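Notes to accompany the following structure.
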Amino acid sequence: MEVHGSEEMELRRGPWTTEEDLALMNYIAVNGEGKWNSLARRAGLRRTGKSCRLRWLNYLRPDVRRGNITPEEQLLILELHSRWGNRWSKIARYFPGRTDNEIKNYWRTRVQKHAKQLKCDADSQQFKDVMRYLWMPRLLERIGGGGSSTSAAVEFGVATPATAETEAKSSPENSTAAGSSTTTTTTVDSLSAQFSPQPVSCGLMQPGGELWPESPPTALDFLDMEQMMWPAGEDLWSADDIWLLQQQF
DNA sequence: AAGATGATCAACCGCTCAGGC
DNA sequence: TGCCTGAGCGGTTGATCATCT
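Here you go:
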């Protein structure tokens, strides 16, 4: 799409062409990234610096990972979002090769879709309970390949389907922010340990006083296991699931 | 077969912040 | 101190594709 205006303001918008991609990649390969506005001019691109930066970071970078979000990644997204909210870039640091845009899109399309199906807000406590007591245990089952989900749940600090109902009914307060934080801490700790046996400090403090890892160096190896890929088109929730959940709201 | 509807995701926009002058 | 620029973040939009009727 062309933008009308003076010669110097003849900026392009919309989808990038192959030629533009090549020009950007070639320029960065030779000159490196940064100073995006001048980079755009020197590379001969009629794009804003912002647009070039976004295209590079979200699409052209060689280490960008594309494809389905794995159950492990979904689990970690749920955990980290419950902790930090919509801090997408912060969350994305735990997913080597994934962009904040991709994680944000996943959340908006998949997670918020389920909240909508349940007729509740994705930020509501009700939905957080569903994620904690139903969604995450199911993801753990997937990760465990249908094996011992209970032991996996203990390891990851997530309620199993069998225990969740009892716990939720007997003690609703357990799912308050304070109650969740204990479980969440354990879960993120465990996930971080799983993904990053030798974490690199980034200066962020966990509640326990230990430093968070900055980027999990072994996560890519773990997450790249093809057998862990989420089957295309398969959804976590069946129509029956939705109906049953709706009865509880 | 065709139009309607929904889902996905690339790209844009507005805003904030940091650093240099 | 204030202004400018670069960089980054989160929210939103719109094009495209898939599915449904």
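Heads up: take any position in the first sequence, counting from 1, add 158, and you land on our numbering.
By construction, the Cβ of each residue, glycine as well, lies at the ideal position given by its N, Cα and C atoms.
No experiment lies behind these values; they were computed from the predicted model shown.
Assuming residue i contacts residue j under a Cβ cut-off of 8 Å, what Cβ separation, rounded to an integer in Å, is found between them?
i	j	result
G207	N189	The Cβ separation is near 14 Å, so there is no contact.
I249	W242	6 Å
R223	R256	6 Å
C417	Q284	In this structure the chain extends from 159 to 407, so residue 417 is not present and cannot be described.
A201	L180	Contact doesn't hold; Cβ gap of about 10 Å is too wide.
Y252	L238	6 Å
R170	R199	Wrong, their Cβ atoms sit about 13 Å apart, outside the cutoff.
Is it right to say residue i is buried, meaning 16 or more other beta carbons lie within 10 angstroms of its own, or is it exposed?
i	result
S282	exposed
L197	buried
R290	buried
E177	exposed
R213	buried
K274	exposed
M240	It is Ser, not Met, that sits at residue 240 in the sequence shown. Buried, because 16 or more other Cβ atoms sit within 10 Å of the Cβ of S240.
K193	exposed
P173	exposed
S209	buried
As a quick exercise: from the options, pick the residue whose alpha carbon is nearest that of residue i.
i	options	result
R219	K277, A187, E177	A187
N259	R199, T175, L215	L215
P254	H272, L297, I227	I227
E231	I261, R170, S247	I261
R296	L233, P173, Y185	L233
E299	S209, G225, P229	P229
G225	N184, R245, N263	N263
R268	D287, Y185, W293, R245	W293
Which stretch, first to last residue, makes up the alpha helix (DSSP H) that contains residue i?
i	result
D281	First-last for D281: undefined, no H or E at that position.
P229	229–242
V188	176–189
G207	207–213
N195	194–200
W246	246–250
D258	258–264
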